[in-house]
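Numbering (the numbering used here), first residue to last: 196 to 852. A short worksheet on the structure shown next.
What follows is the structure, encoded as structure tokens:
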């Protein structure tokens, strides 16, 4: 067989001298096609065997209206701006995954005793504070004891009052409860503060500390920079990724929070692409945004209601009135009236009608067996039954007959004396033809003669003239001490937060209730002014939202032990059967029993109607579409949108499959 011999290098160099023009073109064409095919083949193989993956780097800016005050978990729960930053800077024993489930964070393991009263935690290895100091059980115990100490005035104190702490080692500790509480793991999402930073700071100086705005935490991001205007207004806070984070390292290198005084300023910044993300709560009638923004919806366990102050209002003490107001409210009209034009463009279901405070759709419970549908005629009938009739102006009022201050109740005759005789003489003296004597309080001859004249004038059929017996008393009471009559208007003040959305809801409610003859005055207050009013329960009715946990526990909101602050029973609702079910529901470790108890409680509560449950709202978030990896579906509050921040990314790379 003849061996094939390939050209050597020098021969290849002379090939273009040998070939004719057409041969050269054909050869080059073949060469280009061959190389192209090879490149295409290699590229296809590369793409088939690799995938787009997140890469480290990049930054984005979040727009927020307001100012940070306490980047400190002890205090920061009352301010949305603080909560956002705390979520990124600090860590807890437990946290939420992107479906809202509670999962281990700093805890590597935990055990719950059979009676549900003792929780034993073990910490993960290699957890460090942002300043490099190691994280230990002492930090957790210090945080809890600080919250429990009333000198620090933490708004979280009520959550930890009956919890005992016991340190086992630097990596393990116990938390002991007075009573079983099946939602306690949610308490353990509490963000922890460093003992070595805060232990030397006195309670009176805690809120004034430098560390409240330049914090040391243990979370995925650490404080980098704060920028202030000459006026003192904080313009921005920048965070950088924590390269010593004990969990997965964040992909995004920096996050800046830019602060605005007004919603309008924030929206202008978004239009100019000066910020990359913001909440839909800042929308104010906008109908468009730059096309670079993506839209995310997060379900939340929160509902808004009118809470009737049953204990302090004569009107709302009557269950029929509460039923009537439930029937009189058109919830769909409210939702249609408050939906943002821009969110409608996104076909976003922002608000959903709520019929129960246990949010069956969110927590997987059964819907209530009966609800109050919109029914004006039913509302009017109930008001009629409750005695509230329409007057000539179409307003509802109730005639009330009160007990008189005094009534004749004993027999009186010559020789009697005291207050009853004095009142008798006053009554007789109203007719000068009967008695013109003095008011002495003594039943003498003149009084006897006056009584006789009274009996004769009114033809009182008795035999013993001149003395006061049962028949004469009845006539005296009829003429001189008739029960006073007054009218009670169907009128109350609806108190709420001075926010555009809630004020709009209040206006719609006022309009709807006027159609059944109710008179409603709206009092909209800034949240700081509203807090003491809620604390003292100093309102007729309150339009307000209640945020539940991911582990459902209605006890703080509806048990009678929670009527007084810091409890959250805003209606002053009290029902022994409901109390029993609430206690049993929170103490059982059996999920099926818990579900059964709360569904039974739901039926009792709705029948008692201490509130009108209006709507639930999702949290909506706009973010530049260059930012990927946002997979969260359910959040307990807006700050938890950052619960999977480690997975967010801007930059990408190819990675082998």
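Quick reminder that beta carbons are idealized off the backbone N, C-alpha and C, glycines included.
Less than 9 Å between the beta carbons of residue i and residue j, yes or no?
| i | j | result |
| --- | --- | --- |
| residue 405 | residue 262 | no |
| residue 299 | residue 288 | yes |
| residue 330 | residue 415 | no |
| residue 683 | residue 590 | no |
| residue 817 | residue 491 | yes |
| residue 190 | residue 583 | As shown, the chain starts at 196 and ends at 852. That puts residue 190 outside it, with no answer to give. |
| residue 159 | residue 235 | In the structure displayed, the chain extends from 196 to 852; residue 159 sits before or after that span and is not available. |
| residue 580 | residue 586 | no |
| residue 793 | residue 765 | no |
| residue 829 | residue 557 | yes |
| residue 356 | residue 385 | no |
| residue 345 | residue 320 | no |
| residue 277 | residue 267 | yes |
| residue 347 | residue 410 | no |
| residue 365 | residue 332 | yes |
| residue 444 | residue 841 | yes |
| residue 291 | residue 745 | yes |
| residue 478 | residue 470 | no |
In this structure, how does DSSP classify residue i when only helix, strand and coil are distinguished?
| i | result |
| --- | --- |
| residue 698 | helix |
| residue 545 | coil |
| residue 309 | coil |
| residue 490 | strand |
| residue 837 | helix |
| residue 814 | strand |
| residue 560 | coil |
| residue 375 | coil |
| residue 347 | helix |
| residue 742 | strand |
| residue 643 | helix |
| residue 364 | strand |
| residue 249 | strand |
| residue 599 | coil |
| residue 676 | coil |
| residue 353 | helix |
| residue 848 | strand |
Going by Cα to Cα distance, which pick from the options is closest to residue i?
| i | options | result |
| --- | --- | --- |
| residue 515 | 620, 507, 661, 578 | 578 |
| residue 256 | 433, 265, 308, 339 | 433 |
| residue 527 | 567, 642, 505, 597 | 567 |
| residue 759 | 774, 743, 368, 731 | 731 |
| residue 450 | 295, 520, 605, 258 | 258 |
| residue 438 | 418, 495, 424 | 418 |
| residue 464 | 773, 662, 484 | 484 |
| residue 773 | 280, 750, 518, 784 | 750 |
| residue 813 | 248, 382, 495 | 495 |
| residue 448 | 799, 426, 625, 249 | 249 |
| residue 597 | 681, 661, 574 | 681 |
| residue 301 | 281, 383, 358 | 383 |
| residue 604 | 570, 563, 647, 664 | 664 |
| residue 761 | 272, 800, 394, 354 | 354 |
| residue 642 | 660, 653, 656 | 660 |
| residue 177 | 827, 697, 844, 843 | As displayed, the chain neither begins before 196 nor continues past 852, which places residue 177 out of reach and without an answer. |
| residue 570 | 700, 789, 522, 790 | 522 |
Residue i bridges to which residues according to DSSP?
| i | result |
| --- | --- |
| residue 747 | Residue 747 is not bridged to any residue. |
| residue 593 | 683 |
| residue 289 | 299 |
| residue 819 | 488 |
| residue 550 | DSSP output for residue 550 lists no bridge partner at all. |
| residue 722 | Answer by DSSP bridge pairing: none, since residue 722 is not bridged. |
| residue 451 | 256, 433 |
| residue 304 | 317 |
| residue 612 | 637 |
| residue 717 | 689 |
| residue 474 | 816 |
| residue 925 | A question about residue 925 goes unanswered here, because the residues of the chain that appear run from 196 up to 852. |
| residue 620 | According to DSSP, which records beta bridges pairwise, residue 620 is partnered with nothing at all. |
| residue 422 | 431 |
Given 8 Å, three or more beta-carbon pairs between the region 675–693 and the region 453–461: The region 675–693 makes no contact with the region 453–461; the number of CB pairs closer than 8 Å stays below 3.
Contact between the region 684–695 and the region 714–723 (3+ Cβ pairs under 8 Å): Yes, the region 684–695 is in contact with the region 714–723.
The region 829–836 / the region 232–240 touching (three or more Cβ pairs under 8 Å): Cβ pair count under 8 Å is below three, so no.
Three-pair Cβ contact test at 8 Å for the region 704–716 versus the region 631–646: No, they do not touch.
Segment contact, 8 Å Cβ cut-off, at least three pairs: the region 314–327 with the region 337–344: With contact defined as three or more Cβ pairs closer than 8 Å, the region 314–327 and the region 337–344 are not in contact.
Sufficient close CB pairs (3 or more, under 8 Å) joining the region 804–815 to the region 486–505: Yes, the region 804–815 touches the region 486–505.
Sufficient close CB pairs (3 or more, under 8 Å) joining the region 310–322 to the region 364–384: Yes, since at least three Cβ pairs between the region 310–322 and the region 364–384 fall closer than 8 Å, the two stretches touch.
The region 545–554 touching the region 516–536, judged by at least three CB pairs closer than 8 Å: Judged by Cβ distances under 8 Å, the region 545–554 makes contact with the region 516–536, as three or more pairs qualify.
Meets three-Cβ-pair contact criterion under 8 Å: the region 840–849 and the region 504–514: The region 840–849 makes no contact with the region 504–514: fewer than 3 CB pairs, one atom from each, lie closer than 8 Å.
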